[in-house]
Structure formats: C-alpha cells, structure tokens
Amino acid sequence: MTIEWQNKVALVTGANRGIGLALVEALIARGAKRVYVSGRDTQAIAITVEALAQPSTELIPITLDVTSSSDIRRVQTQISELDLLVNNAGIALASGFIQDTSDKVAQLEMATHYFGPLSLTHALLPSLRHSPEAAIVNISSIAGIANMPLLGPYSAAKAALHSFTQGLRAELQREEIFVQGVYPGPVATRLSEGYDLPKPQPAEVAEIILDSLEQKIEDVFPDALSQHWYQTFKTEPKQLEREYAAWLG
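-4 is the number of the first residue of the sequence shown in the working numbering; add one for each residue after it.
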C-alpha cells in the first residue's frame, strides 16, 4: 500500500533526539503535511523545529511530558486532525539489579513507557477516528519481549507497552486503525551508550518503520540483533532467557 504522505498529519513524542528525531526527518523527507514535534524540553523542541524548518511540511513544536495528565489534556485540545500517532518517548533510568531499583524509578519507567502512551492514545483516538488511514506506532523494545539483564524495570515497562499494543490492535481492527509495535535492539542513541553491540543508526530504523507502515507490518524488528533475539524467543523462549542470564556471569 502506498501512503499519500503529503496529506498526512503526525505527532511524534520524544522527537528532539534519537529515533523520534529521525522519524520527524523521515516524515519531512516523505512530504508529510504536518508534524507535531513533541518532547519534555521546550527549548530543545523549539531548536529542533527551527533546525528542520522548510516549506513542504508544517512543523509544530509541542511541549509534552507523557507522564503529565495536564500536558496530555492540553495536547488533546490543540489537535483535531491526526493520521499518525507515534508513541516514542522513552527513558532508561535504572541500570542494575531489579532488587536494587527504587520503587520511584520503576514507577517512572512504567509511567513513561506504558501509562503515558495509554493516556495519550486515549486522548487522541477521537482525532484519529476521523482519518481514513489512521495508524498508531508504539516504539517498544526487544527488551519488552524478554527481560534484559540490568534493565529490569525498563524491560517490564516495555513489556507492558507490548501487551498494550496487542490489546489495542484487537480492539481497533474493526475501525481499521492500524496499530504497529516496533521492537528495536540497541540503537546508536543516548539510551544505548555503553553497550558494546552492533547498533543501527536512528535514521535506518526510522526508514524501516515508515516502510513497514506502508506494508502494514504489525510487528517490526528493525535490526539484526532484534531479529536474532526474536527468532530465538519464538523457537525456544527459555533459551533467550538463559542467554540473557548468562550475561550476568
């Protein structure tokens, strides 16, 4: 299926760096009509919009902390036309053992990666329902398929997003709102610093995501590592768990 991007309006969360920024750039390259560029840091978002500004795509900066109900309510009032929602905003606060992670950190991981996308999706579904080709893209992680060592709370939150994606897809299929889950391995972003593993560039991942949208691919594993780990999980789930556990020595 070919998407007429020049008629599309998108909102991308966490859009001032990493995969989010790359998605904004890819949407501009494909001629999207309008992109809401959102993130927590007002100044960073404004700088991003200024740097990317050009005549073919309208870029609108939006300050949005997905853990803030007031921010989400404000965004809901700002947006009436929407074809594509990308729930991308992410954090990775906890690096260590689950048993040493504070409740506060674990709750913030869950608020950012699950409750935030849940609330924002609820708020923007009325706008998406007006689009004949509406889509929701949830950027999860291969860590949401099997819990990755030293990223326990992050993995648990991404697993919640994965489950949410499956449930939402089932609920919205009759309305023909397409729901896609994306499950990257480590990508060359700030969140993956310190991991000595092959990492694709965010721009590569963004292109794969948009190409997969055009092909109506529901579950996207955009890099070699995520594809390998997912194949291992499908074949022998416990084997992937054991492989991960072996990292701890």
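Where is the CB? At the ideal position from N, CA and C, for every residue including glycine.
Check                                                                                                                                                       : Outcome
Can you tell me whether H108 is buried or exposed? The criterion is at least 16 other CB atoms within 10 Å of its CB, across all chains shown.              : buried
Take E104 and list the residues in its own chain whose beta-carbon comes closer than 7 Å to its own, dropping the five residues that flank it on each side. : I86, L88, A89, P148, Y149, A152
Please identify the residue among Q73, E53, G9, I74 whose C-alpha is closest to the C-alpha of V61.                                                         : G9
What three-state label does DSSP hand L235 in the structure shown?                                                                                          : helix
For the stretch 132 to 215, list the beta strand (DSSP E) runs that are entirely contained and at least 3 residues long, ordered along the chain.           : 173 to 177
Does DSSP classify S51 as helix, strand or coil?                                                                                                            : coil
Let me know the secondary structure DSSP gives T58 once reduced to three states.                                                                            : strand
Taking 7 Å as the CB-CB cut-off, is T58 touching chain C?                                                                                                   : The structure shown contains no chain C; it holds only a single protein chain.
Can you look up A84 in the DSSP assignment and give me helix, strand or coil?                                                                               : coil
Between which residues of its own chain and I245 is the CB-CB distance below 6 Å, once the five residues before and five after are set aside?               : Nothing about residue 245 can be read from this structure; the chain reaches only from -4 to 244.
Measure the alpha-carbon distance for T160 versus G244 and round it to whole angstroms.                                                                     : 33 Å
Just to check my reading of the structure: I14 and I131 have Cβ atoms closer than 8 Å, yes? What is that Cβ distance to the nearest angstrom?               : Incorrect: roughly 16 Å between the Cβ atoms, too far for contact.
Please report the straight-line C-alpha distance between L205 and L156, rounded to a whole angstrom.                                                        : 20 Å
Quick one: Cα of D98 to Cα of R237, how far?                                                                                                                : 26 Å
Mind pulling the beta strand (DSSP E) runs of 3 or more residues that sit fully within the stretch 89 to 120?                                               : none
Closest by CA to L113, which one among P195, A84, V200, A39?                                                                                                : A84
Using only the alpha-carbon positions, how far apart do Q102 and S136 sit?                                                                                  : 18 Å
Express the C-alpha separation of I140 and F228 in angstroms, rounding to a whole number.                                                                   : 8 Å
I'd like to check one pair, L80 with L192: are the Cβ atoms closer than 7 Å?                                                                                : no
Where does the unbroken alpha helix (DSSP H) through L16 begin, and where does it stop?                                                                     : 13 to 24
S63 by DSSP, collapsed to three states: which one?                                                                                                          : coil
Taking Cβ positions, are V200 and V174 nearer each other than 7 Å?                                                                                          : no
My output table needs one value for A130: the three-state DSSP class, helix, strand or coil.                                                                : strand
On the DSSP letters alone, give me the boundaries of the alpha helix (DSSP H) that S33 sits inside.                                                         : Careful: S33 lies outside any alpha helix (DSSP H), inside the beta strand (DSSP E) at 29 to 34.
State the CB to CB distance for the pair I57 and Y31, rounded to an integer number of angstroms; the pair is presumed to be in contact (CB under 8 Å).      : 5 Å
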